[in-house]
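Participant: Quick one: the structure is below, questions incoming.
Next comes the structure, spelled out in structure tokens:
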């Protein structure tokens, strides 16, 4: 897709074609980010499609996805670049035999050939017709120090390597940062980004997602699944299930050839939705106590508009 | 407590003069109103928003809204407040009616006062206590807590702390500093290079020895570095803790101002975040601010409900496996003990250590008999007394052992 001829509608449509259903506000944010070149900070509960949007956008824009998964202890060496020391040493050893000019060797071993490129450098150096999508995933897992360092890269899109010089991005990558809010991101970084909060989808949207991903699911079952998910998200579970869980569950039910939800089916497959012992226990209690009103839900969902 | 709709409309009126002088003037005014209401907005964000608006069809209110929100808001918690200001500010300009009535019904937990709010109108200044208004879901039925001001059951007094003498607190401050440092330093798994380290750092050894042609001549070693732990303080300021409240405020103030990464909350029947209120070097004004804005001081206690709010609203972003949660309370709880127990369990799972400081523990015949304390006990890593300076020194020593 040509980034110069984008519109909000086109983005929404293109994402939909790649089976990513998003509402207009997210499409607007993506459109803005591409047009004004500002990174997007996506926050939301686990499993609402934060990482997915970057992946799908890379497909839509027919460009490379460069992913930097953050973790505690991530530092510049792993995120940016590192000199390939073993290779440099080998070269030096070899040159010892041939007895060449020392200075010439020194300049040579500090060239790009001896550089191990990490995601950020790769994203900045990338050449092609379209800029790559740079996904910095779960930024909240990295430490504060890394955030400060990222700030520098994201504001100027340039990296300085003392031995080589400054490398500027020819094309500004489309940057997506995601966070699960396990800690607060620093204001300075937030200010440089467009912010978007991805909420759990409403019933209609979730139904559309299920039907897009699993066209073979029966209409009635899809409605039941979504109604059930909507209901449990309002309840007091330790870890509320996201869209990822909905899709896992739908896939499991399809594999098991189920056409309708009943208490037994839910109990058999609840491992797809809840991953904590307490939550499983809680769900069982709710089912046993008939507090989930499964029948009621089934009735309601069958009457709901698609 | 949150900024009232009247205050927002007053702020909007004050900027009405610049209206109609172009989009940028309008946006700048909007940014100012947002700032006064407590949304952190920077000028560069406003400029970006203005640039972004040229790219979309601003006749579509939904797009207009998305553009402004994504540019100007950078925290989920600020969205509800942004929505209210947006509705109020752009109501004459937009095609749709703004749903002000429904907004008024939204209850919210009291939170914090932004230090950087622009002090323009006096009335506004008084009511801006909380920037990010949040809905507090109380139970599965989504029962909502009424805004504390209207509840007849809570003894809501504003306490004047400005009478506190600074001289007498000097000794305490010194002890606090010592304790605070002990609490806050913890050995990290990440290594740093050091001249006398525990192990050899292969990468840096290689790097350093390139100049000798790759022969290993110099060894570089590394050791574990000290990592600052995050501390979250939850202070009980209910009636039963009244005689200790002066000390509590000292403790919170001292800890937070000497350390990086301390978050402070007070609770009685509901929870308030006061980190921003005491982020100042001047304790006098800090006390002034708190006494003005914390509701429920010296009221009843509902530890369970406060923890419930904390676990839902704040813990996900503030508490990690490195966080030490310090609860200061006597454990007299009027709420649901089951809830308290559940929430303690949830908190325990998230954090590094829970320390409970109980001033009553000092008296010799005290036993943790009250139900709230009983329920919390199994989840505590440390149960300590805090009633005078000596107990603080003991606490300091204990913590030293804990983190060594």
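Protein chains in written order, with our numbering: chain B, 10 to 315; chain U, 16 to 419. All C-beta atoms in this analysis are idealised placements derived from N, C-alpha and C, irrespective of residue type, glycine included.
By DSSP, does residue 367 of chain U sit in helix, in strand, or in coil?
Facilitator: Here residue 367 of chain U sits in coil by DSSP.
Participant: Of the residues that make up the segment 91-105 of chain U, which ones have a beta carbon closer than 8 Å to any beta carbon in chain B?
Facilitator: Flagged, chain order: 91, 94.
Participant: Less than 8 Å between the C-beta atoms of residue 396 of chain U and residue 255 of chain U, yes or no?
Facilitator: In this structure, residue 255 of chain U does not lie closer than 8 Å to residue 396 of chain U by Cβ.
Participant: From what residue to what residue does the beta strand (DSSP E) around residue 169 of chain B run?
Facilitator: Residues 167-170.
Participant: Exposed or buried, residue 316 of chain U, counting other C-beta atoms within 10 Å across all chains shown (16 or more means buried)?
Facilitator: So residue 316 of chain U counts as buried.
Participant: Assign residue 319 of chain U to one of three DSSP states: helix, strand, or coil.
Facilitator: DSSP places residue 319 of chain U in helix when its eight states are reduced to three.
Participant: Let's test the definition: count the other Cβ atoms within 10 Å of the Cβ of residue 43 of chain U and tell me whether it reaches 16, buried, or not, exposed.
Facilitator: Burial call: buried.
Participant: Extract the residue ranges of the beta strand (DSSP E) inside the segment 70-146 of chain B, only unbroken runs of 3 or more that lie entirely within it.
Facilitator: Listed in chain order, the complete beta strand (DSSP E) runs (minimum 3 residues) inside the segment 70-146 of chain B are 74-78, 90-92, 124-126, 142-146.
Participant: Under 7 Å between beta-carbons, which chain U residues line up against residue 316 of chain B? List them in chain order, please.
Facilitator: This structure leaves residue 316 of chain B out entirely; chain B is present only between 10 and 315.
Participant: Consult DSSP for residue 266 of chain B and reduce its assignment to one of helix, strand or coil.
Facilitator: It is coil, neither helix nor strand.
Participant: What are the residues in the segment 220-243 of chain B lying within 9 Å of chain U by C-beta distance?
Facilitator: Listed in sequence order: 243.
Participant: In chain B, what lies closer than 7 Å to residue 335 of chain U by C-beta?
Facilitator: Simply 191, 192.
Participant: Could you compute how far the alpha carbon of residue 59 of chain B sits from the alpha carbon of residue 30 of chain U?
Facilitator: Roughly 38 Å separates the two Cα atoms.
Participant: Mind checking if residue 157 of chain U is an interface residue toward chain B, Cβ cutoff 8 Å exclusive?
Facilitator: Low confidence applies here, because residue 157 of chain U scores a pLDDT of 30, under 50, leaving its location unreliable and the question unanswered by this model.
Participant: Can you pull the chain B neighbours of residue 81 of chain U, defined as C-beta to C-beta under 8 Å?
Facilitator: Under the 8 Å cutoff, chain B gives 33, 34, 37, 38.
Participant: Look up residue 291 of chain B in the DSSP assignment and say whether it is helix, strand or coil.
Facilitator: DSSP places residue 291 of chain B in helix when its eight states are reduced to three.
Participant: If you pair each beta-carbon of the segment 194-208 of chain B with each one of the segment 43-56 of chain B, do three or more pairs fall below 8 Å?
Facilitator: Contact between the segment 194-208 of chain B and the segment 43-56 of chain B is present, because at least three Cβ pairs lie under 8 Å.
Participant: Report the residue from B/166, B/279, B/16 whose alpha carbon sits nearest the alpha carbon of residue 48 of chain B.
Facilitator: Comparing Cα positions, the closest option is B/166.
Participant: Taking the alpha-carbon of residue 283 of chain B as reference, which of B/264, B/298, B/245 has the nearest alpha-carbon?
Facilitator: Residue 283 of chain B has its Cα closest to that of B/245, out of B/264, B/298, B/245.
Participant: Which word fits residue 40 of chain B, buried or exposed, when buried means at least 16 other C-beta atoms lie within 10 angstroms of its C-beta?
Facilitator: The residue in question, residue 40 of chain B, is buried, as its Cβ has 16 or more Cβ neighbours within 10 Å.
Participant: According to DSSP, is residue 44 of chain B helix, strand or coil?
Facilitator: Residue 44 of chain B falls in the helix class under three-state DSSP.
Participant: Out of curiosity, what's the CA-to-CA distance linking residue 9 of chain B and residue 107 of chain B?
Facilitator: The structure shown does not extend to residue 9 of chain B, since chain B spans only 10 to 315, so no value can be given for it.
Participant: Determine the burial state of residue 128 of chain B: buried for a count of at least 16 other Cβ atoms within 10 Å of its Cβ, exposed for fewer.
Facilitator: So residue 128 of chain B counts as buried.
Participant: Check the Cβ-Cβ distances between residue 70 of chain U and every residue of chain B, and say whether any is below 8 Å.
Facilitator: Taking Cβ atoms only, chain B reaches closer than 8 Å to residue 70 of chain U, which makes this a yes.
Participant: Residue 85 of chain U to residue 46 of chain U, Cα distance in whole Å?
Facilitator: Distance between the alpha carbons of residue 85 of chain U and residue 46 of chain U is about 13 Å.
Participant: Evaluate contact between the segment 133-141 of chain B and the segment 97-106 of chain B, counting only Cβ atoms and requiring at least three cross-stretch pairs below 8 Å.
Facilitator: Not touching, per the Cβ criterion.
Participant: Taking the alpha carbon of residue 184 of chain B as the reference point, which residue from B/174, B/169, B/159 has its own alpha carbon closest?
Facilitator: Looking at the Cα atoms, B/159 is the closest of the given residues.
Participant: Report the start-end ranges of each alpha helix (DSSP H) in the segment 50-100 of chain U that is 4 residues or longer and not cut off at the edges.
Facilitator: Qualifying alpha helix (DSSP H) stretches, in chain order: 58-68, 76-87.
Participant: State the Cα-Cα distance for the pair residue 124 of chain B and residue 110 of chain B, rounded to the nearest angstrom.
Facilitator: Their Cα atoms are separated by approximately 22 Å.
Participant: At 7 Å on the CB atoms, spell out the chain U contacts of residue 44 of chain B, in chain order.
Facilitator: Chain U residues near residue 44 of chain B: 70.
Participant: Look at residue 401 of chain U and residue 372 of chain U and say whether their C-beta atoms are less than 8 Å apart.
Facilitator: Cβ atoms of residue 401 of chain U and residue 372 of chain U: closer than 8 Å.
Participant: Rank U/18, U/49, U/235 by C-alpha distance to the C-alpha of residue 88 of chain U and give the top, closest one.
Facilitator: For residue 88 of chain U, the nearest C-alpha among the options comes from U/49.
Participant: In three-state terms, what does DSSP make of residue 31 of chain U?
Facilitator: Residue 31 of chain U falls in the helix class under three-state DSSP.
Participant: Kindly list the residues whose CB is nearer than 7 Å to the CB of residue 261 of chain B, restricted to its own chain and excluding five residues on each side of it in sequence; keep chain order.
Facilitator: So the qualifying residues of the chain are 278, 281.
Participant: Is any beta-carbon of chain U found at less than 8 Å from that of residue 199 of chain B?
Facilitator: Yes, because at least one Cβ of chain U sits closer than 8 Å to the Cβ of residue 199 of chain B.
Participant: Once DSSP output is grouped into helix, strand and coil, what is the label at residue 196 of chain B?
Facilitator: Correct three-state label for residue 196 of chain B: helix.
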